[in-house]
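Protein chains in written order, with our numbering: chain A, 4 to 254; chain B, 322 to 686.
Quick reminder that beta carbons are idealized off the backbone N, C-alpha and C, glycines included.
Here is the structure we will look at.
Okay, here's the thing in structure tokens:
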């Protein structure tokens, strides 16, 4: 499974948010998307999981235009773990996770097994019957990851998966996603906030600024002090990144 | 991917799904029995006493003539068959319909305090009804009360949609704002018409109608609401998974393969039509659509596959009992149904509000 974005532009209420963005994510790869607030990275991600329709350009999964596929078939190719909070209607964790089967024909027994397996995989095996709203922030994120897993797509999108989490849970979650990606051959595209984490976890990193993808490649090549000062307007020191990279090699 | 998730296999043990399924079946059976029992009670109770066995006999005799020996008078038969039974059946339809609409709107606008009258449709219907009651049918081209109420609800539906949509898309917040604004507009409009009327009798009649009554129930009233309700509930049951996804969020639903703007528009039109048809037959009955879905969720959780049928049955039983109370408490005078539903509804509403603000620290208003 690979994702290709070519010349994608998104205009919201008349103002261009994303301009001719292009990027690619290969089979089993973990790609990061970083950039300052308001640079259009979440909007670009929305155009991939079809919450928005790009005004121009191509979003292709394995060569098929995602916005031309019927909605259900597209949802069998791309899953997302985003920040949206469900309505306050007391859904249980299992019910939230089973929503991942919406694009498929229902098969109660098999879906139940998939749900149990996914919850087990994200470390929430005992929480199936708990009310989602009562979970902690980290547990909620993991439940939403389980929902994305039962959707059984080969492409996973993450929209700031680590916001609201403390540093330990941030690292745990990213490790988990990376592990799953390698294990199941899932390609992942994640909007990340923390440049150090991005450098540590991504095989490939894209940097956006003012609606454009301005750089892409292996993190070490992309995150140069020059680029960071140009995009974020801050002075960066390389040392932090190296610490994280060492951590990554030790794993 | 299914086969490749390693680590421990799915946990077996007591299968929660099977247990939940049998509990659900039991609950539905109990509710069906309650529907029958409440209806049976409703056709027996009233100014002219009819024993339970007589009521049963009258209905059985009508369906299969001569199947039971006649133990009742022709007057009893006329009262049960021509007035009480259609009224009891209408109570079931209206109760089920308002409750289901409430459940759907709570998911559609993602707010647990939504109810069928949120979108201004009932105010539009009331406006149409007031016009007929005060100005007379001839002023409106011979429309009957319920036809005028339905026309008013369609007018409100069209206006709310025109205000709430932007290039064909509806967003929950705009929907609520447009609905609330138009509700006020229509309330002002029918108050104005009422003031013009200056007739005490018409005003009282209007007031009674606005607060809900099943007094107009006859057999010929039933087919339209029955057909609309059956079609609506069937569609909604088939769509329980997209409904769940929508309750989880618009973008989530889109990512799960739901065509959000089309689905939302369908739900908006469907619920508005249902409310229009129901309000046209029985006036604006408050609180049923707000409290019954929550009671159903307390019983079966949030999954619409279980919430919708339980909500419909619970709403039917609830309104049946409310109507029995409304007819008997102050007999021979009838209470308006909203008075009785408010008696149950307001405490429940406040409890819901307190529970939510205490447990979750989530503001729902």
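*For residue 346 (chain B) versus residue 625 (chain B), is the C-beta spacing smaller than 8 angstroms?*
no
_At the level of alpha carbons, what is the spacing between residue 209 (chain A) and residue 191 (chain A)?_
13 angstroms
*Out of B:608, B:632 and B:661, point me to the one whose CA is closest to residue 671 (chain B)'s CA.*
B:608
_Less than 8 angstroms between CB atoms is the rule here; does residue 90 (chain A) satisfy it with respect to chain B?_
yes
*asked:* Just checking residue 671 (chain B) against the ligand NAD - is the residue's beta carbon closer than 7 angstroms to any of the ligand's heavy atoms?
replied: Absence of the ligand NAD from the depicted structure is noted, as is the absence of any ligand whatsoever, leaving it without description.
*For residue 560 (chain B), name the three-state secondary structure that DSSP assigns.*
coil
*If we count the other Cβ atoms within 10 Å of its Cβ and call it buried at 16 or more, is residue 390 (chain B) buried or exposed?*
exposed
*Given 8 angstroms, three or more beta-carbon pairs between the segment 505-517 of chain B and the segment 575-589 of chain B*: no
_chain A residues whose Cβ lies nearer than 7 angstroms to that of residue 618 (chain B)_ = 92 and 93
*Which of helix, strand or coil does DSSP assign to residue 432 (chain B)?*
coil
*Express the C-alpha separation of residue 200 (chain A) and residue 214 (chain A) in angstroms, rounding to a whole number.*
22 angstroms
*Of the residues A:136, A:69, A:225 and A:149, which one's Cα is nearest the Cα of residue 622 (chain B)?*
A:136
*asked:* Once DSSP output is grouped into helix, strand and coil, what is the label at residue 94 (chain A)?
replied: coil
_Less than 8 angstroms between the beta carbons of residue 474 (chain B) and residue 445 (chain B), yes or no?_
yes
_Alpha carbon of residue 484 (chain B) to alpha carbon of residue 661 (chain B), nearest angstrom_ = 34 angstroms
*Three-state secondary structure (DSSP) of residue 222 (chain A)*: helix
*Would residue 534 (chain B) be called buried (16 or more neighbouring beta carbons within 10 Å of its own) or exposed?*
buried
*Is residue 486 (chain B) helix, strand or coil when you go by DSSP?*
strand
*Throw me the rounded Cβ distance for the residue 542 (chain B) and residue 602 (chain B) pair, which I believe falls under 8 angstroms.*
6 angstroms
_Just to confirm the assignment: which complete alpha helix (DSSP H) runs, minimum length 4, are found wholly within the segment 472-553 of chain B?_
493-518 and 521-531
*Cβ contact (3+ pairs, closer than 8 angstroms) linking the segment 640-655 of chain B and the segment 357-364 of chain B*: yes
*Helix, strand or coil at residue 166 (chain A) [DSSP, three-state]*: coil
*asked:* Quick check on the DSSP output: what are the complete alpha helix (DSSP H) runs of length 4 or more inside the segment 590-670 of chain B, in order along the chain?
replied: 609-621 and 625-649
_Rounded to the nearest angstrom, what separates residue 407 (chain B) and residue 119 (chain A) at their Cα positions?_
48 angstroms
*Would you say residue 624 (chain B) reaches chain D, if we count a Cβ-Cβ gap shorter than 8 angstroms as a contact?*
The chain inventory of the structure shown lacks chain D, comprising the protein chains A and B.
*Could you check if residue 604 (chain B) is buried or exposed, using at least 16 other CB atoms within 10 Å of its CB as the buried criterion?*
buried
*asked:* Quick check on residue 395 (chain B): buried or exposed, where buried means 16 or more other Cβ atoms within 10 Å of its Cβ?
replied: exposed
*Counting contacts by CB-CB distance shorter than 8 angstroms, is residue 11 (chain A) in contact with chain B?*
no
*asked:* Could you check whether the Cβ of residue 359 (chain B) sits closer than 8 angstroms to any Cβ belonging to chain A?
replied: no
*Determine the chain A residues that contact residue 579 (chain B) at a beta-carbon separation under 9 angstroms, and present them in chain order.*
74, 75, 78, 105 and 106
*asked:* If I follow the unbroken beta strand (DSSP E) through residue 30 (chain A), where does it start and stop?
replied: That residue, residue 30 (chain A), is in no beta strand (DSSP E); it is neither H nor E in DSSP.
*So, is the C-beta of residue 5 (chain A) closer than 8 angstroms to a C-beta in chain B?*
no
_Taking 8 angstroms as the threshold (C-beta atoms), are residue 470 (chain B) and residue 600 (chain B) in contact?_
yes
*Excluding sequence positions up to five away, which residues of its chain have a Cβ less than 6 angstroms from the Cβ of residue 532 (chain B)?*
657 and 659
*Ordered along the chain, which non-local residues of its own chain (more than five positions away) have a Cβ less than 6 angstroms from that of residue 272 (chain B)?*
An answer regarding residue 272 (chain B) cannot be provided, because it is not within the stretch 322 to 686 covered by chain B.
*asked:* Between which residues of its own chain and residue 196 (chain A) is the CB-CB distance below 8 angstroms, once the five residues before and five after are set aside?
replied: 37, 163, 165 and 166
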